[in-house]
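Some notes on the structure that comes next.
In the numbering used here, the protein residues as written are 42 to 411.
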């Protein structure tokens with residue numbers, strides 16, 4: 042438990058001080074955020090704000106975690122290294138995207154296909170290693186399983202290894218892109234991520250106390266290295282807290298794709314390794330809603346440009362849009378909501394989603410014990 046406190050505290054301190062230095066460094070280098078011309082006009086004032094701040098989050102989380110393990114005299118686990126692989130790997134893909142944007146001074150960095158290739162490479166390597174017998178512990182537990190899970194694995198839904206890797210790829214790429222879409226207002230992605238990673242800190246602490254390795258009862262959890270995963274989750278939470286100090290409105294630095302892809306990938310990693318894959322849809326409900334808003338907008342718009350027969354069936358006119366602008370937070374901007382109001386209310390929604398997810402997680406255990 043000391044490692045959890047050390048990891049969270051050190052990461053917060055490193056991020057808080059490191060972000061201040063990063064603002065000066067990125068400003069001096071001219072790494073300012075390009076702004077899309079077709080976005081909300083209120084965002085034009087952000088043009089030139091230092092970006093790639095997510096690099097500080099990643100660095101602070103990794104250094105904070107490793108320092109905590111060193112202080113407590115413990116060795117990092119295989120599960121923790123895999124989480125770090127996701128965090129750093131997807132952060133690297135995002136960094137390349139951000140660097141191309143600032144070097145070209147254009148809001149388009151990596152092409153979507155190139156970005157997806159990078160995300161896929163990281164996700165597949167993670168999935169292969171997490172399912173590999175090489176990382177199996179003395180109980181026969183691997184970091185990930187080939188079962189579909191909600192709060193624990195469904196025994197009836199075992200997948201062939203190749204399909205399990207495809208599922209992992211879908212979760213990792215989907216979640217990383219979802220957080221990327223949410224990173225559009227000052228403090229929105231960072232603040233919401235804090236709540237999600239804090240939730241996974243609690244989930245891992247509880248799974249450790251009720252681990253099957255301790256013969257905790259019929260509803261114990263077969264999760265490898267839950268306590269070490271809690272240290273990683275606390276470290277990421279602390280790093281996001283430190284960054285949010287400077288990212289809160291008006292933001293002095295933006296996390297960019299470097300941070301959003303890394304944080305989304307880490308969320309997916311926790312869901313996979315804690316056997317709570319489908320529960321992530323509830324805990325990360327805000328990110329799901331934002332992603333769905335984009336999918337609905339694009340789908341309806343494409344249907345509206347189809348033949349007249351299709352439009353008459355769905356009762357839509359040519360060029361019809363469900364939302365004034367997507368992702369979802371931009372829709373509320375176009376309705377006249379202040380950015381700070383949107384962010385705070387979206388934080389509230391995230392808090393409710395996290396509370397609901399944790400409630401379901403705990404209720405399942407209580408019902409099983411009873």
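Quick reminder that beta carbons are idealized off the backbone N, C-alpha and C, glycines included.
Computed from a predicted model, the values in this text were never measured in an experiment.
- Under the Cβ criterion (8 angstroms, minimum of three pairs), the segment 56-74 does not count as touching the segment 126-138.
- Between residue 212 and residue 318, the C-beta spacing is below 8 angstroms.
- Setting aside the 5 residues that flank it on each side, residue 338 is surrounded in the same chain by 362, 363, 364, 367, each with a C-beta closer than 7 angstroms to its C-beta; the list follows chain order.
- Note: residue 262 is bridge-paired with 252 in the DSSP secondary-structure output.
- The continuous beta strand (DSSP E) containing residue 194 extends over residues 194-199.
- In the DSSP assignment, the residues bridged to residue 190 are 194.
- DSSP, read as helix, strand or coil, puts residue 71 in coil.
- Nearest Cα to residue 305 within the set 323, 288, 328, 284: 328.
- The beta carbon of residue 182 sits closer than 7 angstroms to the beta carbons of 263, 265 from its chain, once the five residues preceding and following it are set aside; these are given in chain order.
- Around the beta carbon of residue 374, 16 or more other beta carbons lie within 10 angstroms, which makes this residue buried.
- Contact between the segment 214-229 and the segment 296-310 is present: 3 or more CB-CB pairs across the two stretches fall below 8 angstroms.
- Contact between the segment 53-64 and the segment 280-293 is present: three or more C-beta pairs spanning the two stretches fall below 8 angstroms.
- Using a Cβ distance threshold of 8 angstroms, residue 369 and residue 334 count as a contacting pair.
- Going by DSSP, residue 219 is part of the alpha helix (DSSP H) stretching over 202-223.
- Per the coordinates, the alpha-carbon of residue 372 lies some 47 angstroms from the alpha-carbon of residue 174.
- DSSP places residue 91 within a strand segment (E or B) once states are collapsed to three.
- Look at residue 120 here: in three-state DSSP terms it is helix.
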